[in-house]
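Here the structure is laid out as structure tokens; the discussion comes afterwards.
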Amino acid sequence: MLDFLEDRLGLVTAFRSSMSQKHPPRGIGYLRTIGFAALTVMLLQFLSGIALAVHYVPTTELAYPSILALEQDLTFHGFAFGSFTRALHHFGASAFVIFVVLHMMRVYFTGAYKQPRELTWLSGIGLFLIVMGFGFTGYLLPWDQKAYFATKVGTEIASDTPLIGAQVKEIMRGGTEVAQPTLTRFYIIHVVLLPIALLGVLGAHFYLIQRHGVSAPGRPVGDEGEPGAPYFPDHTFKEALVGVLVSGALFYMSSAYRAPLEPLADPSDTSYHPRPDWYFLGLFQLLKVFTTSRQLGTFWVPAGFMTLVALLPFLDRGKERHWARRKLATALGVLVCLVVAGLTIAGFRDDPHKHDAEAAGEGAKKAAAKSLGPVIPYPLEFTDMERRGYALVRRLKCHGCHSYVSKSADGKQVTHGTQHDGAPRLDEFESDTLKAVADYVRQPEEGSEMPSFSNVTEQDRLAIAAYVLRLTRQKKAPK
Ligand code: HEC
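In terms of this note's numbering, the sequence shown opens at residue 9 and continues consecutively.
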């Protein structure tokens with residue numbers, strides 16, 4: 009059977025000739041496995057991304073509930089598989105960026121981008137931009153507060169593109185606001201366009217690596233060094249080890265920690281301070297540096313910098329590869345790393361939630377922690393209808409007048425919303441049947457300040473009632 013397959017496919021022969029015939033130059037160590045670490049994370053992102061896409065619903069109404077349902081219901085023999093998958097995708101995104109940047113730093117400091125590998129570098133820049141694109145588009149998908157407001161700011165920044173800024177913003181948003189068309193677009197870009205682009209550019213990257221081999225450590229341009237140990241099994245062993253360690257670390261983090269999820273997006277919330285994911289914090293901080301000329305920080309500096317980085321192999325024509333013999337390049341590289349790290353750290357320290365908390369004392373500190381932490385607004389046993397009710401209560405802003413308490417996944421009591429004078433709490437209504445609550449919502453008492461929600465369908469009013477009554481029961485239940 010194996011002979012039959014080998015005769016037809018020739019895979020073993022192809023493997024032998026492509027792997028064991030290759031002898032990378034001597035001195036290739038673990039620094040040359042960072043790219044493989046990025047590849048490992050990419051594979052995990054594909055797998056976890058597909059698992060998430062099976063459950064995710066890309067509509068403003070259902071995106072958030074579908075993620076809650078995924079995190080709470082998707083268990084496998086007691087293992088919180090949904091929560092694990094989402095955490096894996098969340099931490100994987102950060103790891104992806106980290107490894108891609110470390111890999112770029114390795115290539116820079118070892119001078120590996122020089123002739124004849126200029127195009128390999130250029131394709132690598134393409135991969136870097138694609139990975140950042142994944143981060144930016146993926147951030148919106150949970151449709152929670154941070155997703156909504158970060159995208160609002162992000163698309164606003166895009167409008168600083170010279171000449172076509174307004175059009176770029178409108179194309180990204182699919183209209184004037186961040187709304188359903190934005191979510192549709194970001195979702196399609198995230199799950200269709202970027203994966204295709206990634207695989208295409210990665211193919212080119214690999215082809216070029218195959219064609220030119222890896223650069224010999226410390227040797228100048230033109231000297232490809234002496235052949236070292238065969239690629240297989242020597243270097244492949246190192247890569248396999250790194251792959252196992254990276255996956256292990258990510259698996260551990262994803263089972264120990266949850267991916268954060270803030271409350272459902274509330275476009276009318278004017279007090280929310282938007283913040284991008286950490287790998288965009290440096291860029292975000294740049295805006296605060298160039299306060300006088302906004303466009304300098306939002307467009308010219310980042311675009312100019314990326315152009316210089318992309319053209320690096322064509323600008324730096326020196327023959328040396330060893331960092332100690334490229335004093336200017338090494339100094340510049342270290343400087344850039346320090347500036348980027350400094351901006352990112354400054355971005356972290358500039359956490360507006362923290363400022364609010366410090367200014368307003370203990371209560372606000374708790375509120376800030378709450379808005380950042382994974383608040384799960386309903387426990388496992390909620391029905392579909394009650395979940396729908398939850399989404400509606402948030403969307404119609406019932407909690408703007410009726411505050412309420414609910415239990416988070418870890419059993420803590422969490423207070424939602426603000427209390428309007430004269431309004432009963434949402435979990436303490438007198439109306440105690442589905443019908444009574446739904447009727448009141450359609451037609452509040454004469455002269456009451458409560459607005460009528462007769463424009464909402466009866467199904468939705470009943471869903472709201474189901475959620476409200478569940479909260480009431482939950483509150484009355486003995487601890
Ligand atoms: C603008 C503030 C406001 C908003 C928004 C609001 N309510 Fe009310 N609601 C009130 C006030 C005030 C009362 C008390 C009415 C009275 O007794 O005069 C009330 C009363 C009620 C009652 C009757 C109380 C009882 O004990 O049975 C129900 C049920 C209710 N609201 C549900 C809702 C739901 C559901 C929503 C969201 C779809 C909502 N409300 C949105 C202000 C509001």
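Where a beta carbon is used, it is the ideal one built from N, C-alpha and C, also for glycine.
Computed from a predicted model, the values in this text were never measured in an experiment.
In whole angstroms, what is the alpha-carbon distance linking residue i and residue j?
| i | j | result |
| --- | --- | --- |
| F104 | L55 | 14 Å |
| S379 | L149 | In this prediction, S379 scores a pLDDT of 38, lower than 50, which makes its location untrustworthy; no coordinate-derived value is stated. |
| I133 | G141 | 12 Å |
| M9 | I58 | 33 Å |
| G355 | W286 | 8 Å |
| A368 | L207 | At A368, the pLDDT of 47 sits below 50, so the modelled position is not reliable; the number obtained from the coordinates is stated separately. One C-alpha to the other measures close to 49 Å. |
| S91 | V229 | 49 Å |
| H363 | L289 | Below a pLDDT of 50, predicted positions are generally treated as unreliable, and H363, at 49, falls in that range; no measurement from the model is reported. |
| L216 | E69 | 45 Å |
| Y448 | T441 | 11 Å |
| R181 | L137 | 20 Å |
| C409 | D429 | 8 Å |
| V49 | F99 | 10 Å |
| D22 | A337 | The amino acid at residue 22 is misidentified as Asp; the sequence shows Ala. Those two C-alpha atoms are separated by around 40 Å. |
| M27 | D324 | 32 Å |
| E79 | A399 | 16 Å |
| G183 | T67 | 16 Å |
| L191 | I353 | 30 Å |
| D435 | C406 | 12 Å |
| V108 | A46 | 6 Å |
| N463 | F144 | 35 Å |
| K483 | A257 | 40 Å |
| P235 | G35 | 9 Å |
| A77 | L479 | 18 Å |
| F313 | L319 | 10 Å |
| H97 | L52 | 8 Å |
| L202 | R433 | 46 Å |
| F194 | L171 | 23 Å |
| K374 | G211 | Any reading at K374 must be qualified, since the residue scores a pLDDT of 48, below 50, and its modelled position is unreliable; the value itself is stated next. The straight-line gap from Cα to Cα measures roughly 48 Å. |
| S223 | L269 | 44 Å |
| F87 | R16 | 43 Å |
| P382 | I75 | Note on P382: pLDDT 37, under 50, position unreliable in the model; the coordinate value appears next. Going by the C-alpha atoms only, they are around 12 Å apart. |
| F259 | L82 | 17 Å |
| S456 | V401 | 19 Å |
| I204 | T300 | 40 Å |
| V139 | S439 | 52 Å |
| A6 | E453 | Nothing in the structure corresponds to residue 6, since the chain is present only between 9 and 487. |
| V342 | G350 | 12 Å |
| G119 | R227 | 9 Å |
State the CB to CB distance for the pair residue i and residue j, rounded to an integer number of angstroms; the pair is presumed to be in contact (CB under 8 Å).
| i | j | result |
| --- | --- | --- |
| V476 | F437 | 6 Å |
| N135 | V209 | It should be pointed out that residue 135 corresponds to Leu in this sequence rather than to Asn. Contact holds; Cβ gap of about 6 Å. |
| Q421 | S411 | That belief does not hold up - the Cβ atoms of Q421 and S411 are roughly 12 Å apart, past 8 Å. |
| V161 | P310 | Incorrect: roughly 15 Å between the Cβ atoms, too far for contact. |
| H111 | Y239 | Wrong, their Cβ atoms sit about 18 Å apart, outside the cutoff. |
| H220 | S131 | With a Cβ gap of about 12 Å, H220 and S131 do not count as contacting. |
| Y121 | P321 | 5 Å |
| Y262 | A95 | Per the sequence shown, residue 262 should be read as Ser rather than Tyr. Indeed they touch by this definition, with Cβ atoms about 4 Å apart. |
| Y72 | W151 | 5 Å |
| V250 | T41 | 4 Å |
Figure out for me which residue from the options has the closest Cα to the Cα of residue i.
| i | options | result |
| --- | --- | --- |
| E232 | A248, G211, R329 and T315 | R329 |
| T465 | A446, V209 and E453 | A446 |
| L404 | S460, A224 and G430 | S460 |
| L488 | F245, G290 and T169 | Outside the displayed span of the chain (9 to 487) sits residue 488, for which this structure offers no information. |
| H424 | F292, G312, G143 and P271 | P271 |
| R302 | R181, P238, E164 and M314 | E164 |
| V199 | V62, I172 and G86 | V62 |
| S279 | F84, F89 and Q153 | Q153 |
| H243 | G119, G43 and V347 | G43 |
| F117 | S456, Q218, P225 and P189 | P225 |
| S102 | R402, D11 and A267 | A267 |
| G173 | M113, V222, F307 and G119 | F307 |
| L346 | M113, V65 and W331 | M113 |
| F390 | F259, V139 and R481 | R481 |
| T93 | A264, A166 and Q175 | A264 |
> Where in the segment 14 to 93 do unbroken runs of the alpha helix (DSSP H), each at least 4 residues long, occur, reported from the N-terminal end onward?
Replying inline: If you keep only unbroken alpha helix (DSSP H) runs of at least 4 residues inside the segment 14 to 93, you get 19 to 27, 42 to 61 and 71 to 81.
>> Check whether the segment 115 to 129 and the segment 294 to 304 are in contact - that is, three or more C-beta pairs closer than 8 Å.
In response: With a cut-off of 8 Å, the segment 294 to 304 and the segment 115 to 129 do not count as touching, because too few Cβ pairs lie within range.
> Are the segment 464 to 471 and the segment 390 to 410 in contact at 8 Å, needing three or more beta carbon pairs?
Replying inline: Contact between the segment 464 to 471 and the segment 390 to 410 is present, because at least three Cβ pairs lie under 8 Å.
>> For the segment 261 to 277 against the segment 143 to 157, do three or more pairs of beta-carbon atoms, one drawn from each stretch, fall closer than 8 Å, so that the two count as touching?
In response: Judged by Cβ distances under 8 Å, the segment 261 to 277 makes contact with the segment 143 to 157, as three or more pairs qualify.
> Of all the alpha helix (DSSP H) runs that stay within the bounds of the segment 208 to 268, which reach a length of 4 or more residues?
Replying inline: Here the runs fully enclosed are 244 to 264.
>> My parser needs the alpha helix (DSSP H) runs of 4 or more residues fully inside the segment 407 to 442; what are they?
In response: Entirely contained in the segment 407 to 442, not one alpha helix (DSSP H) run reaches 4 residues.
>> Ignoring anything shorter than 4 residues, give me the alpha helix (DSSP H) runs that lie fully in the segment 129 to 203, in order along the chain.
In response: DSSP assignment within the segment 129 to 203 yields the following whole alpha helix (DSSP H) runs of 4 residues or more, N-terminal first: 153 to 166, 173 to 181 and 188 to 196.
> Enumerated in chain order, which unbroken segments of the alpha helix (DSSP H) with a length of 4 residues or greater are wholly contained in the segment 289 to 348?
Replying inline: Counting only runs of 4 or more, we get 289 to 297 and 309 to 323.
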